[in-house]
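Structure first, then comments.
Numbering (mature numbering (1 follows the signal peptide of the UniProt record, and there is no 0)), first residue to last: -29 to -1, 1 to 743.
Spelled out as structure tokens, the structure:
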């Protein structure tokens, strides 16, 4: 029977098809919304206190497209979910695959842990995936994500081989960063079938074997801090080399470095630091007219620097550290007139600081000559460097006094003169350095008082004067250091710093950061990785992340300062004004002759470490110390404290090192429970009046810390939400059906009245259908 006989107009077919398509589209959009609401429930259950922008996702909104972190296409389908820096803990949400249009997913910079769920491997439409800066572990299984263009897994705990993923997902991949994980094995052949790959970072893993030659299309290649080995042949760098950044640092490469590097004419950064390259520095490097950064330190290159390198007219960063070069600094270094950073530490240079003219380089902002064999007075010329910000002359044999002209170095931010033989007093003019962030004069033979003018150093966050022969009272003005470092930090944020210290420089930072002590050990751990370059830059910009307490997942972007005055001869009392040093988390005053009471104002600080041991302090231990909730180390030993141990100490739940030994007048009972009970008798040696409570005895005891607050109940509305989902879908379907019934009826009347135009209507209907 024909359609003419049945009388079924083609426009009915078209309208029905539109109804199905539009209804399906509406259902898909509603499904996306429902999945996101389930995601919100999941995240809120895992993170009941510290929540991100997802907490503002409103269930009463008909569309999620205006929710923070959500991106939609023109059809209101969710294509992007951005939950970066959202304080997320727990595992990855197991139902992202229900967002069938998802192309961009960013979960970076959270505390997400556990393995990657199999669900994520089903998100076949994903093009951009970032899981960086989390604690995700296990082996990688993303072989189903064949449409990936960008994949960033930086700084997690992934392990195992990557061969099951590469080249499986290589077809469209342009950028891959899996640095700072624990991946291992050989990678030969993994990336040969990645025709579009331009950016590849495998740094800070456990990869080994030979470097492969199939990276001709790459613009950036970084394999730093692995176990790659072998020699590089001249064929490594082909004539069509497109590399702009090459980082081979901290591996086991050996032999001569090929001169064919000259084929990489676009190269802007070449980093070979920390290998076993030998022979001459390739003169072909001088052909790299775009080169800005050259890091050749910690190898075994010959000491002769090729004149051809002077052709690198854009060079701003030059590192020849740790080569045991001796004699005078070669004059060629003073001819790199474009240099901004010069790193020559860890050699055997004995002279030539002035004659090499490196102090006259017009744009030099950082100079590191530490760990050499320089001697004699500090050259006054260091104070005339017009743009110097970072000056590191530590670990040499300099003697004499610190020239007062240092007060004229207005832009100075870091001055490290530690581990020398300097004598005399700290110049009063040091107070002129209002941009100074770091001052390290430790392990010299300095004498006299700390000048009160040091209080003018409003940016000074890190002060280390330990192990000198300084004396007198600690000036109250010292409490003003570091009170307002923001002007310096903000100036550094405005400045585009293209080149930061290299891996090796970061490893020497234990002179500047007390690596054994929290919270600085946290930062130092970061500084021992390749990411130290970024971390160092963020420190100078005031952005470094310090954990508040070890048992807290909360983070602060504040900078923690320290005051290190140990091992001197300071006398008198501890200034109560030090209670104003709110930006400081470590105060070390041990090994002096301080007397009087420990000021109760100390309790107003945000300390992790307080060490006043080996002094002559007396009186009672102030109860206010119990207000230092993040205190991790408390050392009051070898003083003359008296009275009972304050009960507030038992509430210091973060305390892991505690010492009140050799305070013979100290009394009280050590409780059975609480934090103080976790320490053995070694914490109380030489305290005859301290009593330990046995389990069978009664008597007074320190109060136990209050129980933790009850955890909020998890949202149990999952089942109800499932029912609401069904209701939503049914309502959407009914509403759309009713809306189209009227349209279909009106169209049907027109169609019956115009049978002669049926063919045209069908043709037009099909055209419109395809356009949809």
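C-beta: ideal position from N, C-alpha, C; glycine also.
- Indicate whether the contact test is met: 3 or more Cβ pairs, each with one atom in the region 275 to 282 and one in the region 227 to 237, closer than 8 Å. Remark: fewer than three beta-carbon pairs, one from each stretch, lie closer than 8 Å, so the region 275 to 282 and the region 227 to 237 are not flagged as touching.
- Look up residue 595 in the DSSP assignment and say whether it is helix, strand or coil. helix
- Report yes or no: do three or more beta-carbon pairs, one from the region 310 to 322 and one from the region 334 to 352, lie closer than 8 Å? yes
- Message: Residues in the same chain with beta-carbon distance under 6 Å from residue 139, minus the five sequence neighbours each way, listed in chain order, please.
- Response: Scanning its chain for C-beta atoms nearer than 6 Å, with the 5 sequence neighbours on each side dropped, one finds around residue 139 the residues 114, in chain order.
- Put residue 466 into one of helix, strand or coil per three-state DSSP. coil
- Query: Are there 16 or more other CB atoms within 10 angstroms of the CB of residue 419, so buried, or fewer, so exposed?
  - Reply: With a 10 Å radius around the Cβ and a threshold of 16 neighbouring Cβ atoms, residue 419 comes out exposed.
- Message: Using a 10 Å radius around the Cβ and a threshold of 16 neighbouring Cβ atoms, would you call residue 167 buried or exposed?
- Response: The residue in question, residue 167, is exposed, as its Cβ has fewer than 16 Cβ neighbours within 10 Å.
- Task: Can you check the region 395 to 430 for any beta strand (DSSP E) of at least 3 residues that lies completely inside it and give the ranges in chain order?
- Result: Taking only runs of at least 3 residues, the beta strand (DSSP E) segments lying wholly in the region 395 to 430 are 409 to 411.
- Query: Looking at the structure shown, is residue 302 part of a helix, part of a strand, or coil, going by DSSP?
  - Reply: Residue 302: helix per DSSP, three-state reduction.
- Query: Taking the C-alpha atoms as reference points, what is the distance between residue 444 and residue 624?
  - Reply: 34 Å
- Query: Any idea if residue 13 is buried or exposed, counting beta-carbon neighbours within 10 angstroms, 16 or more meaning buried?
  - Reply: buried
- Message: Between 295, 267 and 271, which has its C-alpha nearest residue 289's C-alpha?
- Response: If you compare the alpha carbons of 295, 267 and 271 with that of residue 289, the shortest gap goes to 267.
- To the nearest angstrom, report how far apart residue 594 and residue 239 are at their CA atoms. The alpha-carbon separation between residue 594 and residue 239 amounts to approximately 59 Å.
- Query: Unbroken beta strand (DSSP E) runs of length 3 or more, entirely within the region 129 to 190: which are they?
  - Reply: Counting whole runs of 3 or more residues, the region 129 to 190 contains the beta strand (DSSP E) stretches 146 to 148, 153 to 157, 170 to 172 and 177 to 181.
- Could you name each continuous beta strand (DSSP E) segment of 3 residues or more that falls completely within the region 224 to 269, going from the start of the chain to the end? List check, beta strand (DSSP E) in window: 240 to 242, 247 to 250 and 264 to 266.
- Task: Note down the Cα distance separating residue 338 from residue 465, rounded to an integer number of angstroms.
- Result: 21 Å
- Query: Ordered along the chain, which non-local residues of its own chain (more than five positions away) have a Cβ less than 6 Å from that of residue 250?
  - Reply: Sequence-distant Cβ neighbours of residue 250 in its own chain, meaning closer than 6 Å and more than five residues away, are 227.
- Query: Along the chain, where does the beta strand (DSSP E) that runs through residue 628 open and close?
  - Reply: 628 to 630
- Task: Decide if residue 656 is buried, meaning its Cβ has at least 16 other Cβ atoms within 10 Å, or exposed.
- Result: exposed
- Return helix, strand or coil for residue 353, following the three-state DSSP convention. helix
- residue 555 lies in the beta strand (DSSP E); which residues open and close that run? Start and end: 555 to 559.
- Message: Just list the residues that DSSP pairs residue 75 with in beta bridges.
- Response: 51 and 99
- Could you tell me whether any non-hydrogen atom of the ligand HEM is closer than 7 Å to the CB of residue 564? Here there are no bound small molecules, and the ligand HEM is not part of this structure.
- How many Å lie between residue 754 and residue 291 at the Cα? Outside the displayed span of the chain (-29 to 743) sits residue 754, for which this structure offers no information.
- Local Cβ density within 10 Å of residue 44, reported as buried at 16 or more and exposed below that: exposed
- Message: Is the beta carbon of residue 349 closer than 8 Å to that of residue 371?
- Response: yes
- Query: If we count Cβ pairs, one from each stretch, closer than 8 Å, do we get three or more for the region 535 to 543 versus the region 555 to 562?
  - Reply: yes
- Query: In its own chain, which residues sit with a C-beta less than 8 Å from the C-beta of residue 609, not counting the 5 before and 5 after it?
  - Reply: 584, 585, 586, 632, 633 and 634
- According to the neighbour-count rule (16 or more other Cβ atoms, all chains shown, within 10 Å of its Cβ), is residue 385 buried or exposed? buried
- Query: If you follow the beta strand (DSSP E) that residue 212 is part of, which residue opens it and which one closes it?
  - Reply: That residue, residue 212, is in no beta strand (DSSP E); it is neither H nor E in DSSP.
- Query: Is residue 197 helix, strand or coil when you go by DSSP?
  - Reply: coil
- Query: Across which residues does DSSP place residue 339 in a beta bridge pair?
  - Reply: 314 and 363
- Beta-carbon gap between residue 130 and residue 109 smaller than 8 Å: A contact, by the Cβ cut-off of 8 Å.
- Query: Sorted by chain position, which residues of the same chain lie with C-beta nearer than 6 Å to residue 62's C-beta, five sequence neighbours on each side aside?
  - Reply: 85
- Query: Going by the CB atoms, is the gap between residue 308 and residue 340 shorter than 8 Å?
  - Reply: no
- Message: Quick check: residue 99 and residue 74, are their CB atoms within less than 8 Å of each other?
- Response: yes
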